[in-house]
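To start, the structure itself, in structure tokens.
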Amino acid sequence: MLNYIIRRILLIIPTLIGIMVVNFFIIQTAPGGPVERLIAQIRGSAVEATARISSRGGDTAQPSISEETAGGAGKYRGAQGLDPELIREIERLYGFDKPPFRRFLSMMVSYARFDFGESFFRDRKVIDLIIDKMPVSITLGLWTTFFVYLISIPLGIRKAVRDGSPFDMWTSFIVTIGYAIPGFLFAILLIVFFAGGSYLRIFPLRGLVSENWGSLPFFGKIADYLWHIVLPITASVIGGFAGLTMFTKNSFLEEINKQYVSTALAKGLPEQRVLIGHVFRNAMLIIIAGFPAAFISALFTGTVLIEVIFSLDGLGLLGFEAAINRDYPLVFGTLYIFSLLGLVLNLIGDIMYTVIDPRIDFESREV
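Here the working numbering runs 9 ahead of the position in the sequence shown, where the first position is 1.
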């Protein structure tokens with residue numbers, strides 16, 4: 010097992026580099042960028058933008074803006090009429106005075122030391138921003154994963170045992186609705202009905218806690234926190250439980266229809282003992298081992314729109330704003346961390362297979 014883990018860890022390095030290369034190429038070739046964004050600000054307020062460049066760039070002289078010069082017109086959208094020296098200073102400010110290969114190489118060297126630089130438009134270190142927003146996303150990811158498993162596994166087992174019954178039919182209808190309608194649409198419906206949209210005003214519309222949360226007693230803080238997460242967690246769970254429910258049902262059906270189950274029942278073993286002692290262990294292997302991947306999915310992908318809709322200041326909202334503002338250090342820094350965590354959790358998922366069932370041996374397998 011140790012050799013397999015070492016091989017997987019070594020495989021993480023080229024995989025992570027490949028992910029960063031693909032995304033770096035896509036983002037660099039996409040229209041717009043931090044240079045164009047600052048140029049747009051300069052077009053709207055030349056005095057403020059020039060002062061900002063001077064404060065970020067050290068003792069660089071403030072270049073003048075002339076409507077008769079068009080030095081950067083051919084390279085950047087909206088640069089017509091700006092001083093070429095100003096365009097070059099903006100490029101130096103964001104590192105675009107270097108070729109893409111050098112920028113990527115320098116970025117990866119820094120990321121290997123977990124140095125993600127500073128945000129272009131927040132004037133804070135990227136790692137500090139990620140650490141500040143991480144608790145909100147972890148909260149949503151853990152609660153969502155917990156309730157999805159809590160609902161899906163018993164429901165999937167029940168559907169498998171009573172396959173073809175009326176219970177299986179009407180629960181399949183509910184699961185189909187949950188699978189077909191995305192979680193963010195449920196979030197909007199919950200706001201309309203329960204957060205003062207058009208009907209009831211039972212739950213708060215935004216935030217993870219109230220403004221006076223710090224002055225509340227201990228149990229008051231817990232109650233206020235739970236009150237705020239009801240709608241976001243409900244929307245996330247409704248959008249995520251359907252797939253796991255059907256996966257659980259199919260896994261149990263596959264095991265129930267195997268020969269060893271029929272043999273055990275023919276020998277007179279009680280049905281409950283066969284289901285719990287044999288079917289459950291074999292069917293739940295892949296489901297429980299997939300918990301790390303389910304958590305990383307809920308943490309980094311499933312809650313992005315939920316955070317935006319409910320104005321929860323987490324990693325999803327941070328990444329959304331970074332993409333909108335073309336904040337490249339923040340975009341690539343979060344991508345690097347998310348990808349690394351995803352690869353590590355996939356490895357943990359493989360290790361959990363051997364923990365749940367020691368008969369599984371990865372030593373003789375190729376990575």
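Here a beta-carbon is modelled for each residue, glycine too, at the ideal position from N, C-alpha and C.
In this text, all values refer to a predicted model and were calculated from it rather than measured experimentally.
- Straight-line measurement puts the Cα of residue 196 at about 19 Å from the Cα of residue 327.
- Here the C-alpha atom of residue 331 lies approximately 21 Å from the C-alpha atom of residue 115.
- Our two residues, residue 106 and residue 32, have alpha carbons roughly 20 Å apart in a direct line.
- In the structure shown, residue 127 adopts extended strand secondary structure according to DSSP, grouped into three states.
- Here the alpha carbon of residue 324 sits roughly 48 Å from the alpha carbon of residue 268.
- Nearest Cα to residue 217 within the set 240, 234, 226, 120: 234.
- Contact between residue 198 and residue 319 fails: their C-beta atoms lie close to 13 Å from each other, not under 8 Å.
- With at least 16 other beta carbons inside 10 angstroms of its own, residue 168 counts as buried.
- Ranking 246, 284, 287, 177 by CA distance to the CA of residue 303 puts 246 first.
- Listed in chain order, the non-local C-beta contacts of residue 222 below 8 Å within the same chain comprise 230, 233, 234, local neighbours out to five positions each way being set aside.
- Judged by DSSP in its simplified three-state form, residue 39 adopts coil rather than helix or strand.
- Residue pairing from DSSP places residue 204 in a beta bridge opposite 210.
- Pairing residue 251 with residue 184 gives a Cβ-Cβ distance under 8 Å.
- A distance below 8 Å separates the beta carbons of residue 129 and residue 103.
- For residue 136, the CB contacts under 6 Å within the same chain, skipping 5 residues up- and downstream, are 125 in chain order.
- Residue environment analysis places residue 118 among the exposed positions, since fewer than 16 neighbouring C-beta atoms fall within 10 angstroms of its C-beta.
- In the three-state DSSP reduction, residue 134 falls in the strand class (E or B).
- For residue 262, the secondary structure class from DSSP, reduced to helix, strand or coil, is helix.
- Relative to residue 348, the option among 236, 281, 305 whose CA is nearest is 305.
- Taking the Cα positions, residue 149 is about 12 Å away from residue 314.
- Exposure of residue 38 is indicated by the presence of fewer than 16 other C-beta atoms within 10 angstroms of its C-beta.
- Membership of residue 191 in any alpha helix (DSSP H) is not indicated, and neither H nor E is assigned to it by DSSP.
- Of the other Cβ atoms in all chains shown, 16 or more fall within 10 Å of the Cβ of residue 336; this residue is therefore buried.
- Between the beta-carbon of residue 172 and that of residue 284 there is about 13 Å, and that puts the pair past the 8 Å contact cut.
- Taking 8 Å as the cut-off, the Cβ atoms of residue 288 and residue 317 do not count as close.
- Shown here, residue 16 sits in a helix according to DSSP, grouped into three states.
- Residue 112: member of the alpha helix (DSSP H) spanning 109-121, first to last residue.
- Judged by DSSP in its simplified three-state form, residue 319 adopts coil rather than helix or strand.
- Sorting 201, 164, 120, 96 by C-alpha distance to the C-alpha of residue 255 places 164 at the top.
- Minimum Cα-Cα distance from residue 292 among the listed residues 279, 260, 322, 277 corresponds to 260.
- For residue 237 and residue 300, the gap between their C-alpha atoms comes out near 25 Å.
- For residue 278, the secondary structure class from DSSP, reduced to helix, strand or coil, is coil.
- 8 Å or more divides the Cβ of residue 139 from the Cβ of residue 356.
- The three-state reading of DSSP puts residue 32 in helix, counting H, G and I together.
- Residue 162 is a Cβ neighbour of residue 296, given a cutoff of 8 Å.
- Taking the C-beta atoms as reference points, residue 24 is found nearer than 8 Å to residue 352.
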